[in-house]
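K.L.:
Converting from the sequence shown to my numbering requires adding 17 to each position, the first position being numbered 1.
Backbone N, C-alpha and C define an ideal beta-carbon position, used for all residues, glycine too.
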Amino acid sequence: MANANTIPSSKHLCTFIFFYNLSSIILYISRLERMAFSSSFSVMFVVVVWMMAGSSSYAQLSTSFYSKSCPKVLSTVESVVKSAVSKEKRMGASIVRLFFHDCFVKGCDGSILLDDTSSFRGEKTAAPNNNSVRGFNVVDDIKAKVEKACPGVVSCADILALAARDSVVILGGPGWDVKLGRRDSKTASFAAANSGVIPPPTATLSQLINRFQARGLSAKDMVALSGAHTIGKARCVLFRDRIYNETNIDASFAKARQSSCPRTSGSGDNNLAPLDVATPNSFDLKYFNNLLNKKGLLHSDQILFNGGSTDSLVKTYSSNTKKFYSDFVTAMIKMGDITPLTGSNGEIRKNCRKPN
């Protein structure tokens with residue numbers, strides 16, 4: 018058996034992988050050079066360092082990132098979000114959706130917040146976002162107040178991540194410590210936002226699973242995150258086909274929705290309906306109960322409970338608040354980890370709508 022003083026334990030190695038920064042790696046290598054290692058471990062160590070280099074951005078995110086540089090950032094963001102949601106409950110859902118649409122296109126880098134410039138076309142007018150994503154003014158208001166407290170310190174990407182968490186909490190949902198330290202992209206991509214990475218409301222179950230998996234999120238993460246549709250509203254154009262042509266829908270529910278969403282395309286396209294018909298302004302389990310009763314507003318909602326592989330998760334969440342909240346928080350944290358810009362990458366924008 019190898020001497021424990023010369024061969025690091027697996028626990029030691031895992032700690033090294035996830036928590037040491039690059040300077041620590043250099044010191045660690047120096048120490049290892051003075052140790053007696055077998056050639057097999059040396060090969061494994063090289064692989065570990067290579068893996069670490071590829072995932073270093075995740076290690077640089079921290080829940081205490083601004084504890085010294087901007088200690089009031091959490092309370093500042095919360096106060097603005099609370100004010101905005103008190104004026105319009107729907108705004109909480111809009112901010113959560115804005116965060117989701119940002120993270121799914123090249124990572125959580127605030128690119129969705131950028132307006133078009135002479136050098137690039139932004140993401141705001143891409144098909145999944147055009148006349149749909151909102152909440153930009155709230156982010157602007159937060160940024161203005163944060164800049165007064167600590168100029169040039171807090172990124173727009175982090176502001177959006179914090180605002181999404183606060184929106185969930187304010188509407189009655191679970192809280193969590195948000196990992197921070199993201200930097201802002203200097204550009205945005207209309208083509209990337211239009212490429213299909215954001216699942217449309219017409220998506221099949223397999224398409225939903227595949228598109229979430231492509232971003233490192235499991236089927237369970239996908240169902241839990243879909244639970245955010247317990248708040249917010251959708252436009253008629255997004256659910257018209259479902260309420261007139263699909264059969265896995267409660268008849269009375271479909272009829273009620275048809276009253277404000279005419280069959281004819283172009284008529285009432287922007288009329289709104291709540292995604293959760295029971296408690297549209299409360300973050301709770303009712304979304305999943307609606308699915309059990311065939312009252313999912315979007316095709317991509319009801320497909321989660323339609324005789325497929327996610328039926329059991331929907332049933333579980335429909336009666337277990339603790340489980341839903343726990344899985345939702347886990348999924349939100351994972352989504353916030355999607356390829357952030359850290360270190361010297363990107364920038365800290367002064368105005369969230371344009372590069373510096």
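1) If we cut at 8 Å on Cβ distances, does Leu330 have a partner in chain D?
2) Buried or exposed, going by whether 16 or more other CB atoms sit within 10 Å of the CB of Lys272?
3) For Ala290, write down the residues that DSSP places opposite it in a beta bridge.
4) Just how far apart, CA to CA, sit Ile266 and Arg274?
5) Do the region 276-289 and the region 169-177 touch if we need at least three Cβ pairs shorter than 8 Å?
6) Between Leu242 and Phe137, how many whole angstroms is the CB-CB distance? I'm expecting something under 8 Å.
7) Check whether the region 180-197 touches the region 292-307, taking contact to mean three or more Cβ pairs, one atom from each stretch, closer than 8 Å.
8) Would you grab the beta carbon distance between Ser212 and Ser128 for me? Rounded to a whole angstrom, and I think it's under 8 Å.
9) Just to confirm my understanding: we take Val113, look at its own chain, exclude 5 residues before and 5 after, and list those with CB closer than 7 Å. What are they?
10) I believe Ile159 touches Val102 by the beta-carbon criterion, under 8 Å. Please report the beta-carbon distance rounded to the nearest angstrom.
11) How should Ser335 be labelled, buried or exposed, when 16 other C-beta atoms within 10 angstroms of its C-beta is the threshold for buried?
12) Decide yes or no for the touch test of the region 130-149 against the region 323-341: beta carbon pairs closer than 8 Å, at least 3 of them.
13) In the DSSP assignment, what are the bridge partners of Ser79?
14) Would you tell me roughly how many angstroms separate the C-alpha atoms of Gln319 and Ile260, rounded to the nearest one?
P.N.:
On the basis of the coordinates in this document:
1) Here there is only one protein chain, and chain D is not present.
2) Taking the first residue of the sequence shown as 1, we reach residue 272 at position 255. Counting the other Cβ atoms within 10 Å of the Cβ of Lys272 gives fewer than 16, which makes it exposed.
3) Residue mapping note: residue 290 aligns to position 273 of the sequence shown, counting from 1. By DSSP's assignment, Ala290 forms a beta bridge with Ala251.
4) Position 249 of the sequence shown, counted from the start, is the residue given in the question as residue 266. Position 257 of the sequence shown, counted from the start, is the residue given in the question as residue 274. Rounded to whole angstroms, Ile266 to Arg274 spans 11 Å at the Cα level.
5) Here the region 276-289 makes no contact with the region 169-177; the two share fewer than three CB pairs at distances below 8 Å.
6) Numbered from 1 along the sequence shown, position 225 holds the residue referred to as residue 242. Numbered from 1 along the sequence shown, position 120 holds the residue referred to as residue 137. Not a contact, Cβ separation roughly 28 Å.
7) Result yes; three or more Cβ-Cβ pairs closer than 8 Å.
8) Position 195 of the sequence shown, counting from 1, holds the residue named residue 212. Position 111 of the sequence shown, counting from 1, holds the residue named residue 128. With 8 Å as the limit, Ser212 and Ser128 do not qualify as a contact, their Cβ atoms being about 13 Å apart.
9) Counted from its first residue, the sequence shown places residue 113 at position 96. Residues Ala181, Ser184, Val185 and Ala245 of the same chain have their beta carbon placed closer than 7 Å to that of Val113, with the five preceding and five following residues left out of the count.
10) Numbered from its first residue, the sequence shown carries residue 159 at position 142. Numbered from its first residue, the sequence shown carries residue 102 at position 85. Contact flag wrong, Cβ pair sits at about 12 Å.
11) Taking the sequence shown and counting its residues from 1, the one referred to as residue 335 is at position 318. By the neighbour-count rule (16 or more Cβ atoms within 10 Å), Ser335 is buried.
12) Verdict: no, contact absent.
13) Numbered from its first residue, the sequence shown carries residue 79 at position 62. Beta-bridge partners of Ser79 (DSSP): Leu197.
14) By one-based count along the sequence shown, residue 319 stands at place 302. By one-based count along the sequence shown, residue 260 stands at place 243. Whole-angstrom Cα-Cα distance: 12 Å.
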